[in-house]
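What follows is one structure encoded as structure tokens, with my remarks underneath.
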Amino acid sequence: MIDPDGYRPNVGIILLRDDGRVFWARRINRDGWQFPQGGMRSDETPLEAMFRELEEETGLMPQHVQVLGATPGWLRYRLPRRFVRQHQRPLCIGQKQVWFLLRLVGSEADVRLDQNEKPEFDHWRWVDFWYPAAHVVTFKREVYERALRQLAPLAETLCQMSLLYGLRLSQVVVSTQENEPLDGSMMASAG
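Quick note on our numbering: the sequence shown kicks off at 929 and runs consecutively.
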């Protein structure tokens, strides 16, 4: 499915842990790393496509994640000329994407890269929130920067809530220890 301007509708997925780190995966048989993403079918909404791609590429199901938000519109990137299939009609010159920010609420053990007949990725890791914008293949960098920038406020809110909750939990744990001073060093070691 290619739109009249030559862009393929697509969804991108930023999967976030409570500590602010994001899921980063290596393309199978390649050296490139990226966020999970994939094309939309003509009968799918962006949300439906996102959940399908999430399962296909990571093995995660809707119950393993919480949808925090999405970019308000399409973010586009053009393919380098060497990747444009000139003989294909309609001609696809790039992708237009809706990006979703998801919070992992399941276990990391739920991640399964072998859920698809043709897996997209062969390895994954957690990286700092802004790391992907500087390390994805060059032609996707601008769209990654825009998606991360648009979704960063939601990620920051989640991380602040997690930090606040973590500090409260640390204070409770520390304050139950008898005869121990309640100072910053105790709180840091307890969390």
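Beta carbons are placed, not taken as given, at the ideal position from N, Cα and C, and that holds for glycine.
Beta-bridge annotation (DSSP): Gly966 is paired with Val939. Taking 8 Å as the upper bound for CB-CB distance, Leu944 and Leu1076 are not in contact here, some 11 Å apart. A straight line joining the alpha-carbon of Val1071 with that of Glu983 spans about 23 Å. In terms of Cα proximity to Arg1006, the closest of Cys1087, Ile941, Gln1078 and Arg936 is Arg936. Between Gln1023 and Arg1004, the alpha-carbon positions lie close to 6 Å from each other. Three or more Cβ pairs drawn from the segment 954 to 968 and the segment 1056 to 1066 lie within less than 8 Å of each other, which places the two stretches in contact.
Non-local beta-carbon contacts of Ile956 in its own chain, meaning distances under 7 Å to residues more than five positions away in sequence, involve Pro1047, Glu1048, Phe1049 and Asp1050 in chain order. Note on geometry: alpha-carbon atoms of Glu985 and Ser970 lie some 20 Å from one another. Its Cα nearest to that of Trp952, the residue Ala1061 stands out among Ala1080, Ala1061 and Asp946. Put simply, the backbone Cα of Asp933 is about 29 Å away from that of Arg958. In this structure, Trp1052 sits away from Arg949, with a CB-CB distance that is not shorter than 7 Å. Judged by their CB atoms, Val1039 and Gly987 are nearer to each other than the 7 Å cut-off. Ala977: not part of any beta strand (DSSP E); member of the alpha helix (DSSP H) spanning Pro974 to Thr986, first to last residue. Distance from the CA atom of Pro990 to the CA atom of Gln1078, rounded to whole angstroms, is 23 Å.
Looking at Arg954, Pro1008 and Glu1084, the one whose alpha-carbon comes closest to that of Trp1058 is Glu1084. A distance below 7 Å separates the beta carbons of Val939 and Val1026. For Ala998, the enclosing beta strand (DSSP E) starts and ends at Val993 to Ala998.
Taken atom to atom, the span from the alpha-carbon of Arg1017 to that of Met929 is near 10 Å.
Here His1051 carries a strand assignment [DSSP, helix/strand/coil].
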